[in-house]
Structures are given as C-alpha cells and as structure tokens.
Amino acid sequence: MKKDIFSIFCKSCSEHPEDIAIVYIGTEWRYSELLSLIKRFSSSLSELGISKGDRVLIYLPISPQWIISWFAIASLGAISVPISPIYTPSDIEYIANDCGAKLVICLDTNFRYIYQIIDKTEIQKIVVTNIADMLPRWKRIIGIATDKIPRGKVAKEKNIFWFRDLLKRDEMKKIKEIDPEDLTAIFYTGGTTGMPKGVPYNHLFIYEAAYWQRRLRCLIPEGEDILI
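Here the numbering used here is used: the first residue of the sequence shown is 7, the next is one more, and so on.
And the structure:
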C-alpha cells in the first residue's frame, strides 16, 4: 500500500465516498466532495508554479480551506508550513525566510500582514480567502448583513489570487508518485527558548503516527488515555 498521505486519503475517499468528512458552521461536505475540491485546488497550485519540494505557508485557522490546502500541497509533493493565524508580520517574515516559502495562503483579514513583508521574503504569490468563503451563499449574505463575518481589504495585483476562484479549475488529472520518505510538512516550535525552529515531518512519519493512534484505541478505553 502506498504510504504518502494523499494516496492514503484517496483510498479512504474511495471506501467512504458518501460519508461526512467535514462539518463547518452547519455545512457538511462528503468525502467525495472534499476530494474533488482538493484535486481542483491542487491543479491550481500546480498552475501557479508549485511543485515537489516547494514550501507553502498555510496562514489559516482550522477550516475547510486549511484541510483542502494541506492535502493539495501534499498531492504535489510540496511541503506545508502551517503557522498560527495570530502571528505578527515579524513572525511571518522570519518563518518565511527560514523555510524559503514560495507561496502563502491566508485570510483576507490577515492579508495586510503578508503585504507588509512580502518584499523581504521569497514569497512570490498570495492566495487569499475569507473565513466564510466555503459556506453557502445565503449564509454568507446573512453573515455579512449582520456583521458576523470579518472581512479585510485585499489589493488587486497579478500575484494575488482568491481561493474560491482557484476551486473553479478542472481537477488534477494524474496523481503524482511520491516517496513516503519525502518531506511533507514543517511545523515550527513556539520559540519559548529563542527563535522558532522548524521541525520536518515526512509522509511516513505522519502515516505511522495515525496508524499507531488507531491501534491503541482498542487497548485504552475512551476518556482514560494518558500517553507519554
């Protein structure tokens, strides 16, 4: 069995296509729907020049966009660098330069932070989304009308793209062969003893972590697990 995380996810989607994969603010996506979105976004990232080994900052809160971004990046053999949505421009600048990020995916409310530092980094393109972009139109309208959805100003430039527009592309046609030993993510430490340090993870590590977590479920009663 292939042990890169995108191939494993595709297998799960083929086995449970109609099961619910995500519930977000009352909106549901089935595994088949989620996989289609991931393949569309993967195709768009490829067109934007993202390929194997490229670093991509995921500057988002946990959301459907985060999940789509994570798997789409993995499908290309590129490397996700998730960072906290509360990071300041100086934090982002340091991490972007430390990992050599080529593209960043961010909320419109955080766009100004990226815009402040982009010229000081190797970031070439920005993908922007609103926290409610994946919700049905009627929910977005109500949210905007009641001032429940924060929105930020976004510049109109050739290197700036909207997440929702990138989901309109055709799905990726061919899944790339990926070595499970290849790097898939870099997580940065909190920086309590100095500057944050990037911790690399390959596909196999994440697969094994998930595998052993599932194996332990039958040994440790739910709610009584204390792992060291």
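No residue lacks a Cβ here, since even glycine has one placed at the ideal position from N, Cα and C.
Owing to the predicted nature of the structure, the values given are computational and were not obtained by experimental measurement.
Beta strand (DSSP E) segment containing residue i, residue limits
i: Asn208; result: Gly204 to Asn208
i: Arg36; result: Thr33 to Arg36
CB of residue i within 7 angstroms of CB of residue j, strictly
i: Val134; j: Val110; result: no
i: Phe15; j: Phe77; result: yes
i: Pro95; j: Gln122; result: yes
i: Leu173; j: Leu43; result: yes
i: Ala80; j: Thr190; result: yes
i: Pro23; j: Ser38; result: yes
i: Asp125; j: Gly158; result: no
i: Glu177; j: Arg46; result: yes
i: Ile184; j: Pro206; result: no
i: Ile212; j: Ile11; result: yes
Cβ-based burial, residue i [other Cβ within 10 Å; buried from 16]
i: His209; result: buried
i: Thr127; result: buried
i: Gln71; result: buried
i: Ala151; result: exposed
i: Tyr217; result: exposed
i: Ser75; result: buried
i: Val87; result: buried
i: Ala84; result: buried
i: Cys224; result: exposed
i: Ile147; result: exposed
i: Leu222; result: exposed
CB-CB length for residue i against residue j, believed under 8 angstroms
i: Lys182; j: Tyr194; result: No, Lys182 and Tyr194 are not in contact; Cβ-Cβ is about 26 angstroms, not under 8 angstroms.
i: Glu34; j: Ile28; result: 7 angstroms
i: Cys19; j: Tyr65; result: Actually they do not touch by this definition, with Cβ atoms about 26 angstroms apart.
i: Val62; j: Lys9; result: Actually they do not touch by this definition, with Cβ atoms about 22 angstroms apart.
i: Ile120; j: Ile98; result: 7 angstroms
i: Ile155; j: Asn136; result: 7 angstroms
i: Ser50; j: Arg175; result: 5 angstroms
i: Leu141; j: Ile26; result: Not a contact, Cβ separation roughly 16 angstroms.
Range covered by the alpha helix (DSSP H) that runs through residue i
i: Glu24; result: No alpha helix (DSSP H) holds Glu24; DSSP gives it neither H nor E.
Closer than 6 angstroms: residue i CB and nearest the ligand ATP heavy atom
i: Asp114; result: With respect to the ligand ATP, the structure shown offers nothing to examine, as it has no ligands at all.
Cutoff 7 angstroms: residue i Cβ touching any chain C Cβ
i: Asp97; result: The structure shown contains no chain C, having only a single protein chain.
**Asked** Considering only residues of the region 52-90, which uninterrupted beta strand (DSSP E) runs meet the minimum length of 3 residues and lie entirely inside it, listed in chain order?
**Response** 61-65 and 85-88
**Prompt:** In the region 134-203, which residue ranges form an unbroken alpha helix (DSSP H) of at least 4 residues, counting only runs that do not cross its ends?
**Reply:** Listed in chain order, they are 143-151 and 169-172.
**Message:** In chain order, what are the residue ranges of uninterrupted beta strand (DSSP E) at least 3 long that sit wholly in the region 84-128?
**Reply:** If we require 3 residues or more, the beta strand (DSSP E) runs fully inside the region 84-128 come out as 85-88 and 107-113.
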